[in-house]
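Undergrad:
Protein chains: 2
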Amino acid sequence: MNRYLNVAMGQLGPIQRADDRASVVRRMCEMMREAKALGAHVIVYPELALTTFFPRWYIEDEHELDAFYETEMPNAETLPLFALARELGVGFYLGYAELAIEAGRKRRFNTAILVSGQGRIIAKYRKVHLPGHAEHEPWRRFQHLEKRYFEPGPGFGVTRAFGGVVGMALCNDRRWAETYRVLGLQGCEMTFIGYNTPVHNAPAPAHDDLSLFHNQLALQAGAYQNGMWVVGVAKAGVEEGVDSIGGSCIVAPSGEVVSRCLTKDDEVMVARCSLDWCAIYKRTTFDFDKHRQPHAYGLIVERKGETLAADGTPLAVTAPGH
Amino acid sequence: MNRYLNVAMGQLGPIQRADDRASVVRRMCEMMREAKALGAHVIVYPELALTTFFPRWYIEDEHELDAFYETEMPNAETLPLFALARELGVGFYLGYAELAIEAGRKRRFNTAILVSGQGRIIAKYRKVHLPGHAEHEPWRRFQHLEKRYFEPGPGFGVTRAFGGVVGMALCNDRRWAETYRVLGLQGCEMTFIGYNTPVHNAPAPAHDDLSLFHNQLALQAGAYQNGMWVVGVAKAGVEEGVDSIGGSCIVAPSGEVVSRCLTKDDEVMVARCSLDWCAIYKRTTFDFDKHRQPHAYGLIVERKGETLAADGTPLAVTAPGH
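Residue numbers (numbering that gives the first Met the number 0), protein chains in the order written: chain A, 0 to 321; chain Y, 0 to 321.
1. To test your reading of the DSSP string, which unbroken alpha helix (DSSP H) runs of 4 or more residues are found completely within the segment 106-194 of chain A?
2. In this structure, what does DSSP give as the bridge partners for K234/Y?
3. What residues of chain A sit near F287/Y, judged by a beta carbon separation below 9 Å?
4. Could you work out which residue in D208/Y, N5/Y, A111/Y and H213/Y is closest to L169/Y when comparing CA atoms only?
5. So, at 6 Å on beta carbons, what are the nonlocal neighbours of G250/A in its own chain, with the 5 sequence-adjacent residues on each side left out?
6. What number of angstroms, rounded off, separates the C-alpha of R159/A from the C-alpha of A235/Y?
7. Would R174/A pass as a contact of T306/Y if the rule is Cβ separation under 8 Å?
8. When the distance is taken between beta carbons, is F91/A closer than 8 Å to M189/A?
9. For C260/A and G231/A, I'd like the C-alpha separation in whole angstroms.
10. So is F143/A in contact with chain Y if we call contact Cβ pairs under 8 Å?
11. Just list the beta strand (DSSP E) runs in the segment 17-98 of chain A, keeping only unbroken ones of 3 residues or longer that don't cross its boundaries, in chain order.
12. Note down, in chain order, each residue of its chain lying with its Cβ closer than 7 Å to the Cβ of A270/A, except the 5 sequence neighbours on either side.
13. Return helix, strand or coil for S210/A, following the three-state DSSP convention.
14. E301/A lies in the alpha helix (DSSP H); which residues open and close that run?
15. Who pairs with D242/Y in a beta bridge, going by DSSP?
16. Taking the Cβ atom as the reference point for each residue, do M167/A and L113/A lie within a distance shorter than 8 Å?
17. Count the other C-beta atoms from every protein chain shown that fall within 10 angstroms of the C-beta of L274/A, then say buried if there are 16 or more, exposed otherwise.
18. Tell me which residues share the same chain as E238/Y and place their Cβ nearer than 7 Å to its Cβ, disregarding the 5 neighbours each side in the sequence.
19. Evaluate G154/Y with the Cβ neighbour count: other Cβ atoms within 10 Å of its Cβ, from every protein chain shown; 16 or more gives buried, anything less gives exposed.
20. Should V43/Y and G226/Y be called a contact, given that it needs their Cβ atoms to be closer than 8 Å?
21. Would you list, in chain order, the members of the segment 64-88 of chain Y that have their beta-carbon closer than 8 Å to a beta-carbon of chain A?
22. To the nearest whole angstrom, what separates the beta carbons of A96/Y and L144/Y, a pair I think is in contact under 8 Å?
23. By how many angstroms is the C-alpha of A233/A removed from the C-alpha of Y280/A?
24. Once DSSP output is grouped into helix, strand and coil, what is the label at A197/A?
25. L209/Y versus chain A: which residues are under 8 Å apart at the beta carbon?
26. Kindly say whether Q219/A, judged by its beta-carbon, lies nearer than 8 Å to any beta-carbon of chain Y.
27. Is it true that the segment 145-152 of chain Y meets the segment 126-136 of chain Y, where meeting means three or more beta-carbon pairs spaced less than 8 Å apart?
28. Between the alpha carbons of L11/A and T178/A, how many angstroms are there, rounded?
29. Residues in the same chain with beta-carbon distance under 6 Å from G254/Y, minus the five sequence neighbours each way, listed in chain order, please.
30. Would you say R174/A reaches chain Y, if we count a Cβ-Cβ gap shorter than 8 Å as a contact?
31. Check whether chain A comes within 8 Å of R291/Y, counting only Cβ atoms and requiring the distance to be less than that.
32. Just mark E59/Y as buried or exposed, buried being the case when its beta carbon has 16 or more other beta carbons within 10 Å.
33. Can you confirm whether T196/Y, when its beta carbon is compared against all beta carbons of chain A, has any partner nearer than 8 Å?
34. Report the rounded CA-to-CA distance for G94/Y versus L83/Y, giving the unit in angstroms.
35. Would L4/A and F161/A be called neighbours here (beta carbons separated by less than 8 Å)?
36. Go ahead and pull the three-state DSSP assignment for L337/A.
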């Protein structure tokens, strides 16, 4: 037995504010055809793939804001993508802004869906780790208002799909080791992660030169430490004057990058991924049942932030065993 | 304010079974003098630094086994190291096998201590993640019996020392993201990690070519994802016919390697580390208080291993939010 899953990255170049969803869906359909020609069973698109990255603006008008969200999926604009998936037998992962009415309340999520090669939605994920800030901060060159425009999702789940066990995450989730571990503990063999990452990080411009390095480091560590494939796919390039990194890549359970996009435009790259390769890590170095020590992990769930002393400095606690 | 801590790696080359502790301590003292000459405030030695790596043998005779352990610290053989630390004003981290009598019971730990520049033990850590196996497995080219010869320690703590907040871990701990996170949640600014890592991994020889890559990947991810310095120090080279990796390195809170040993012998390398540099990560991308989402992390402590179906295959659970 060798379960191969051929995965395509459907990296998107910039989407300007004037670009309508129909034009973006046409670009995605073209990439899906390329992916099919390369033998792909599934194509991964970025986070918030249908519009420009709107959290860069402080938008006070609710109708103006709502226009960036999808209230149903599929809808008239995205239906061609679902139809093409069914026609080609190619599944996809798609990120978009979701506006849901739940218990009579308007709720907003940064969402990804997994769609089968029959064109059916088989799983939905709502982003857990929302970066940025909730209030207008005019000192920034551009805003990053995800904490204003979305609420966090409940958690990470996996789905049996494409012959394996597949997980989803979004953008900033990839920097948090907890994301991969919670998926790994559910047997996840491949995680899809779309992202939008501006090169410039306003609160920490010292990081700007390292954006691509940090992106790849986090994806590689998450893959290795859980013996899973990780597929990270960017929306890249200069959108409305803001430059975002590309660097979409497919990382093997060994932590090795096996495929990588080179441009900051629409670009399709593919890799043939053996899902059985996961076991070489999951059943040895990272055999959780043999080697994890949850008795020592309590703080991870008991505490959100650091323990700080009254003067704001880190609080040293006594080392156990001493 | 800029709190600089000058840290030396005291990488050790091989220690053969015939080498006595006095000869090893002489090598370590020589390295401590070199470290002092390079301006170091503290030197980090490897795991199980006083003897050859004895878990590679199945030892049935208890007296023969006991001879690899220290029953007190300092003791006659290690006292010169403590005296030199006091003389030079250089602190150190030292790994060794600890045999303790606690509640009338013989207990064995894979231990590290932190010693101040006044030559006083200020913290002790007992290894949490013991790799390898507990029973004799003669099919292996050599054994890795840490699960037989040690019991796991209670957890990870930090100590206020050398002008900052310092954590300790040992060897296999460095592959587990939980290690760094539990330390990071306690405000850790620098983690010392000694290790012994054979190039050949008997259950997973496909990993052998990647040993150095995996070592560095884990150290870099742990540093970056918690905005802390990480100092990994090897016992390297061919001991009793078994080759171990070197690759000792100092990793900045950015995830960048700033200093690295080049040989597989006794080698001192040093880096000038700004502890205040941590805040550039701890107060931005990895501001835990703002960005962590413990509501989604429950499985990390609730579950040791993967959830598997009755037939041994991974169990897919429903994706939350769907």
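Where a beta carbon is used, it is the ideal one built from N, C-alpha and C, also for glycine. Computed from a predicted structure; not experimentally measured.
TA: In this structure, then:
1. 145-148 and 176-183
2. On the second sequence, position 235 is the one that residue 234/Y refers to. Its beta-bridge partners are L11/Y.
3. Looking up residue 287/Y in the second sequence gives position 288. Those within 9 Å of F287/Y in chain A are R302, K303, G304 and E305.
4. Counted from its first residue, the second sequence places residue 169/Y at position 170. Comparing Cα-Cα distances from L169/Y to each of D208/Y, N5/Y, A111/Y and H213/Y, the minimum goes to A111/Y.
5. Within the first sequence, numbered from 1, the residue matching residue 250/A stands at position 251. Looking at the sequence itself, residue 250/A is Val, so the reference to Gly does not match. For V250/A, where only same-chain residues beyond five positions count, the Cβ hits under 6 Å are L218, Q219, A222, V229 and V256.
6. Translated into the one-based positions of the first sequence, residue 159/A becomes position 160. Translated into the one-based positions of the second sequence, residue 235/Y becomes position 236. Roughly 43 Å between the two C-alpha positions.
7. Reading the first sequence from its first residue, position 175 is the one you call residue 174/A. Reading the second sequence from its first residue, position 307 is the one you call residue 306/Y. Against a cut-off of 8 Å, the Cβ pair of T306/Y and R174/A comes out as no contact.
8. Walking along the first sequence from the start, residue 189/A turns up at place 190. Walking along the first sequence from the start, residue 91/A turns up at place 92. The answer is no: Cβ separation not under 8 Å.
9. Locating residue 260/A in the first sequence gives position 261, where the first residue counts as 1. Locating residue 231/A in the first sequence gives position 232, where the first residue counts as 1. Rounded to whole angstroms, C260/A to G231/A spans 10 Å at the Cα level.
10. As a position in the first sequence, residue 143/A is number 144, starting the count at 1. Correcting the residue type first, residue 143/A is His in the shown sequence and not Phe. No, its Cβ sits nowhere closer than 8 Å to a Cβ of chain Y.
11. 41-43
12. Here residue 270/A refers to the residue found at position 271 when the first sequence is read from its first residue. Here the set comprises V6, I249, V257 and S258.
13. Counting from 1 along the first sequence, the entry for residue 210/A is found at position 211. Correct three-state label for S210/A: helix.
14. As a working mapping, residue 301/A is identified with position 302 in the first sequence. Residues L298 to E301.
15. Position 243 of the second sequence, counted from the first residue, corresponds to residue 242/Y. Its beta-bridge partners are V237/Y.
16. Translated into positions along the first sequence, residue 167/A becomes position 168. Translated into positions along the first sequence, residue 113/A becomes position 114. Yes. Within cutoff.
17. In the first sequence, counting from the first residue as 1, residue 274/A sits at position 275. The residue is buried, with at least 16 neighbouring Cβ atoms inside 10 Å.
18. Within the second sequence, numbered from 1, the residue matching residue 238/Y stands at position 239. Cβ within range, chain order: P13, I14, Q15, T51 and F52.
19. In the second sequence, counting from the first residue as 1, residue 154/Y sits at position 155. Label assigned to G154/Y: buried.
20. Position 44 of the second sequence, counted from the start, is the residue given in the question as residue 43/Y. Position 227 of the second sequence, counted from the start, is the residue given in the question as residue 226/Y. For V43/Y and G226/Y, no; Cβs fall outside 8 Å.
21. none
22. Within the second sequence, the letter at position 97 stands for residue 96/Y. Within the second sequence, the letter at position 145 stands for residue 144/Y. That belief does not hold up - the Cβ atoms of A96/Y and L144/Y are roughly 12 Å apart, past 8 Å.
23. To locate residue 280/A, count along the first sequence from 1; it is residue 281. To locate residue 233/A, count along the first sequence from 1; it is residue 234. Rounded to whole angstroms, Y280/A to A233/A spans 27 Å at the Cα level.
24. Residue numbering aside, residue 197/A sits at position 198 when the first sequence is read from its first letter. Note that residue 197/A corresponds to Pro in the displayed sequence, not to Ala. DSSP places P197/A in strand when its eight states are reduced to three.
25. For the purposes of this step, residue 209/Y is identified with residue 210 of the second sequence, where counting begins at 1. Ordered by position in chain A, the residues that pass the 8 Å Cβ test against L209/Y are S253, G254 and E255.
26. Taking the first residue of the first sequence as position 1, residue 219/A is located at position 220. Yes, contact with chain Y.
27. yes
28. Indexing the first sequence from 1 puts residue 11/A at position 12. Indexing the first sequence from 1 puts residue 178/A at position 179. Straight-line Cα distance between these residues: approximately 24 Å.
29. Within the second sequence, numbered from 1, the residue matching residue 254/Y stands at position 255. Answer for G254/Y: Q219, A222 and Y223, listed in chain order.
30. Indexing the first sequence from 1 puts residue 174/A at position 175. For R174/A, the answer is yes, since a Cβ of chain Y falls inside 8 Å of its Cβ.
31. Mapped onto the second sequence, residue 291/Y falls at position 292. By this cut-off, R291/Y is an interface position.
32. Here residue 59/Y corresponds to residue number 60 of the second sequence, with the count starting at 1. That one is exposed.
33. Here residue 196/Y refers to the residue found at position 197 when the second sequence is read from its first residue. No - not a single Cβ of chain A is within 8 Å of the one on T196/Y.
34. Sequence index remark: in the second sequence, residue 94/Y carries index 95 (1-based). Sequence index remark: in the second sequence, residue 83/Y carries index 84 (1-based). Using only the alpha carbons, I get a separation of about 17 Å.
35. Taking the first sequence and counting its residues from 1, the one referred to as residue 4/A is at position 5. Taking the first sequence and counting its residues from 1, the one referred to as residue 161/A is at position 162. Contact flag set, yes.
36. The structure shown has nothing for residue 337/A, since chain A only spans 0 to 321.
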